[in-house]
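2 protein chains.
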Amino acid sequence: MSIDSYLAAAQARINQQLTAILEQRHGPSMRLHAAMKHALLLGGKRVRPFLTLATGKICGADEDDLLQVAAALECIHTFSLVHDDLPAMDDDALRRGQPTCHVEFDEATAILAGDALHTLAFELLSDEHLKLSPNQIVQVTRTLALATGDRGMCGGQALDLVATGHDLTEHDLQQVHNYKTGALIRAAVNIGVICGNDDAQNWAADFDEFAAHLGLAFQVQDDILDVTATTATLGKPQGSDIEANKATYVRLLGLDGAQQRLEQLHHKALHALARIPYNTDTLEAFAEVLLTRKH
Amino acid sequence: MSIDSYLAAAQARINQQLTAILEQRHGPSMRLHAAMKHALLLGGKRVRPFLTLATGKICGADEDDLLQVAAALECIHTFSLVHDDLPAMDDDALRRGQPTCHVEFDEATAILAGDALHTLAFELLSDEHLKLSPNQIVQVTRTLALATGDRGMCGGQALDLVATGHDLTEHDLQQVHNYKTGALIRAAVNIGVICGNDDAQNWAADFDEFAAHLGLAFQVQDDILDVTATTATLGKPQGSDIEANKATYVRLLGLDGAQQRLEQLHHKALHALARIPYNTDTLEAFAEVLLTRKH
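Note that the protein sequences, when read in sequence, are chains D and P. The first sequence: position 13 = 13 (full-length UniProt numbering), numbered continuously. The second sequence: position 71 = 71 (full-length UniProt numbering), numbered continuously.
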């Protein structure tokens with residue numbers, strides 16, 4: 001199977017899993033349910049669940065467990081997008097080419113839909129049908145919580161709020177991204193390892209290093225695409241980060257400099273992967289696809 | 001020790017625990033940390049952590065574990081208050097006699113502080129120092145997640161948004177409260193039982209029934225206080241629910257009718273408690289204090 005078909009198949013199974021999870025739920029508010037569905041099933045690259053799935057498979061984890069855990073990662077990512085898009089935050093009307101949650105519904109419903117997706121992640125992890133050991137579940141929960149909260153993604157978003165409109169050094173910008181997007185991408189890979197067999201735990205540090213470089217490279221690529229891609233391919237207004245006066249790698253290093261940094265980080269990610277004595281072709285190919293994407 | 005001193009001592013220990021948890025944390029954003037602290041340490045009755053602590057002690061649970069788990073309950077409650085107070089939701093400027101989080105800081109920071117407290121709850125439950133078994137931790141996590149998300153508190157808040165300005169039957173109003181506040185109060189008690197010994201699990205259904213009646217009675221009392229208490233003792237504008245055109249028990253049943261419903265529910269709560277063959281004096285006394293409070 002070519003990597004493209006492999007990626008497409010994995011994305012389809014992740015989307016199927018997310019759809020099934022929402023279809024089985026019956027909360028008291030249909031409007032809240034519709035808003036959660038709008039946000040979660042809007043599409044998207046499914047980067048984080050893919051990383052959990054691919055890493056977990058490499059590490060010998062059970063595939064049903066991985067799909068459920070991967071769905072939890074996507075719930076966290078989606079909740080952060082819904083809240084990030086709110087008028088008080090980035091005030092974005094368009095996401096993945098569709099109206100954002102507060103535009104399609106209303107602000108209050110979007111706040112609650114984000115909250116409910118946030119909780120859903122932890123509900124999925126504590127599902128009684130998982131075959132993971134209770135010990136593994138606690139470790140996965142802890143890893144996800146640390147990556148999400150004030151010492152992870154939320155902390156990074158708070159840093160980003162303050163940083164907007166200020167000149168940052170590359171070190172500062174990297175810190176923002178390490179928290180804001182890097183933490184969850186690392187968690188996606190690390191959680192795949194935790195779900196794996198005992199031997200896989202020996203390579204946890206290498207998987208983590210791969211994920212750290214990949215996460216930062218992903219962000220550099222995002223900054224490059226913000227100025228090089230068109231609104232149609234991006235699904236959001238082109239140049240919106242530059243316009244919002246956000247610190248970006250392109251602003252800091254120029255377009256060529258940002259391209260160079262991207263290649264360095266990509267190389268480092270592959271280097272970490274090369275130390276792991278398993279077949280890591282899927283992760284290698286995913287990094288290639290992710291870092292050469294056009295949207 | 002009188003019940004008043006017992007309650008005061010328990011509240012002091014809960015506040016101490018919450019303070020210690022925040023003081024040990026060092027996230028990247030000091031502003032986010034300050035907003036979390038503002039929200040979490042503003043005071044409040046600490047109803048939910050008290051219920052976990054008192055129930056857990058009755059059921060033979062370890063006290064250090066209980067304090068940590070109780071803190072997680074208060075983090076969830078506080079996150080819901082911070083988001084509920086936002087301009088897009090209830091738009092409240094005053095909470096516990098102090099400026100609400102978005103007034104003291106700003107909307108974006110309040111959204112993130114709520115999110116970070118939400119995650120913190122699940123981080124606390126997966127703390128490696130807990131003496132609970134991994135199995136108990138997964139059960140506690142599941143119970144808290146179910147009570148918080150779209151099939152619990154968030155679902156109730158979404159119902160409440162739609163209900164505002166409409167005439168509800170008592171059945172509909174009860175449904176709103178069962179989800180919006182009842183679910184978390186029941187979880188607080190049920191989690192205390194889960195942390196307890198094996199024998200305590202035999203009385204789980206009776207503890208749950210106690211909590212369900214107590215939770216609803218607490219809400220009826222809230223509606224009564226909204227019209228009978230003064231702004232100074234309430235810490236929020238008196239009559240604000242009636243003014244916001246919210247469905248309340250007083251609006252539906254009249255003041256006397258609401259008082260009668262409160263007494264019925266209180267009686268049912270004590271009746272459930274009486275079936276449990278342990279000394280449940282602390283819970284009985286707490287119900288008495290809670291349901292005769294003046295603010």
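Every residue, glycine too, gets a C-beta built ideally from N, C-alpha and C. Note that the structure is a prediction, hence the values are computed from the model and not measured.
For residue i, the first and last residue of its enclosing alpha helix (DSSP H)
i, result
"D:Arg-251", "249 to 274"
"P:Gly-156", "153 to 163"
"P:Ile-75", "The residue asked about is misnamed: residue 75 of chain P is Cys in this sequence, not Ile. Where P:Cys-75 is concerned, the enclosing alpha helix (DSSP H) stretches over 63 to 84."
"D:Ala-8", "3 to 23"
"P:Ala-39", "30 to 40"
"P:Asn-197", "Note, P:Asn-197: premise wrong, no alpha helix (DSSP H); not H, not E."
Nonlocal neighbours in the same chain, by C-beta distance under 6 Å from residue i, ignoring five residues either side
i, result
"D:Asp-206", "Ala-272, Arg-275 and Ile-276"
"P:Thr-282", "Ala-54"
"P:Gln-17", "Leu-67 and Ala-71"
"D:Phe-210", "Ala-269, Ala-272 and Leu-273"
"D:Gly-43", "Arg-96"
"D:Gln-11", "Arg-46"
"D:Ile-75", "Correcting the residue identity first, residue 75 of chain D is Cys in this sequence and not Ile. Around D:Cys-75: Leu-117, Leu-120 and Ala-121."
"P:Ala-35", "Cys-101, Phe-105, Thr-109 and Ala-113"
Nearest residue (CA-CA) to residue i, options the options
i, options, result
"P:Ala-204", "P:Ile-58, P:Asp-226, P:Ala-116 and P:Lys-294", "P:Ile-58"
"D:Phe-79", "D:His-266, D:Cys-195 and D:Phe-122", "D:Phe-122"
"P:Gly-182", "P:Gly-196, P:Glu-288, P:Gly-215 and P:Met-89", "P:Gly-215"
"P:Asp-150", "D:Leu-112, D:Ala-200, D:Thr-19 and D:Asp-84", "D:Leu-112"
"D:Tyr-6", "D:Arg-293, D:Lys-294 and D:Phe-286", "D:Phe-286"
"P:Gln-157", "D:Thr-148, D:Leu-32, D:Gln-259 and D:Gly-152", "D:Leu-32"
"P:Gly-60", "P:Gly-196, P:Val-250 and P:Glu-263", "P:Gly-196"
"D:Gly-257", "D:Ala-147, D:Asn-279 and D:Asp-223", "D:Asp-223"
"P:His-295", "P:Ala-8, P:Ile-194, P:Glu-284 and P:Thr-228", "P:Thr-228"
"residue 322 of chain D", "D:Ala-212, D:Asp-226, D:Ala-247 and D:Lys-246", "Here chain D covers residues 1 to 295 and nothing more, so residue 322 of chain D does not appear."
"P:Arg-13", "P:Ser-29, P:Leu-41 and P:Val-289", "P:Leu-41"
"P:Asn-245", "P:His-171, P:Ala-93, P:Ile-191 and P:Val-162", "P:Val-162"
"D:Ala-187", "D:Lys-37, D:Thr-19 and D:Arg-48", "D:Arg-48"
"D:Asp-199", "D:Val-220, D:Tyr-278 and D:Thr-169", "D:Tyr-278"
"P:Ala-292", "P:Phe-218, P:Arg-251 and P:Ile-21", "With the sequence shown as reference, residue 292 of chain P is identified as Thr, and Ala is not the correct amino acid for it. The candidate whose alpha carbon is nearest that of P:Thr-292 is P:Phe-218."
"D:Thr-141", "D:Glu-170, D:Leu-255 and D:Gly-192", "D:Gly-192"
"D:Leu-253", "D:Val-220, D:Gly-155 and D:Glu-284", "D:Val-220"
"P:His-171", "P:Gln-98, P:Gly-155 and P:Ala-247", "P:Ala-247"
"P:Thr-169", "P:Gly-56, P:Val-250, P:Val-189 and P:Met-30", "P:Val-250"
Collapsed DSSP secondary structure at residue i in the structure displayed
i, result
"D:Leu-94", "strand"
"D:Pro-99", "strand"
"D:Glu-128", "coil"
"D:Thr-292", "coil"
"residue 296 of chain P", "Look at the range of chain P in this structure, 1 to 295, and you will see that residue 296 of chain P is not part of it."
"D:His-26", "coil"
"D:Asn-279", "coil"
"P:Lys-57", "helix"
"residue 301 of chain D", "An answer regarding residue 301 of chain D cannot be provided, because it is not within the stretch 1 to 295 covered by chain D."
"D:Phe-105", "coil"
"D:Gly-43", "coil"
"P:Ala-88", "coil"
"P:Asn-178", "helix"
"P:Gly-149", "coil"
"P:Asn-135", "helix"
"D:Gly-114", "helix"
"D:Asp-206", "helix"
"P:Thr-169", "coil"
"P:Asn-245", "coil"
Minimum Cβ-Cβ distance from residue i to chain C less than 7 Å
i, result
"P:Asp-85", "Of the protein chains in this structure, namely D and P, none is chain C."
Nonlocal neighbours in the same chain, by C-beta distance under 8 Å from residue i, ignoring five residues either side
i, result
"D:Leu-159", "Gln-175, Val-176, Tyr-179 and Lys-180"
"residue 305 of chain P", "Residue 305 of chain P is absent from the structure shown; chain P starts at 1 and stops at 295."
Closer than 6 Å: residue i CB and nearest the ligand FMN heavy atom
i, result
"D:Val-193", "Among the components modelled here there is no ligand, and therefore nothing to report on the ligand FMN."
Same chain, Cβ closer than 7 Å to residue i, neighbours up to 5 away in sequence not counted
i, result
"D:Met-89", "His-83"
"P:Gln-136", "Ile-194 and Cys-195"
"P:Gln-259", "Ile-224"
request  = Could you run through the segment 25 to 56 of chain D and flag, in chain order, every residue whose CB is less than 8 Å away from some CB of chain P?
outcome  = Arg-25, His-26, Gly-27, Pro-28, Ser-29, Arg-31, Leu-32, His-33 and Met-36
ask   = For the segment 96 to 117 of chain D, which residues have a CB atom closer than 9 Å to at least one CB atom of chain P, in sequence order?
value = His-102, Asp-106, Glu-107, Ala-108, Thr-109, Ala-110, Ile-111, Leu-112, Ala-113, Gly-114, Asp-115, Ala-116 and Leu-117
request  = Residues of the segment 140 to 152 of chain P with a CB closer than 7 Å to any CB of chain D: list them in chain order, please.
outcome  = Thr-141, Arg-142, Ala-145, Leu-146, Thr-148, Gly-149, Asp-150 and Arg-151
key: Residues of the segment 165 to 196 of chain D whose Cβ lies closer than 7 Å to any Cβ of chain P, in chain order   = Gln-175 and Tyr-179
inquiry  = If the cut-off is 9 Å on Cβ atoms, which residues from the segment 257 to 281 of chain D count as contacting chain P, listed in chain order?
reply    = none
Positions along the segment 201 to 220 of chain P whose CB lies within less than 8 Å of some CB in chain D = none
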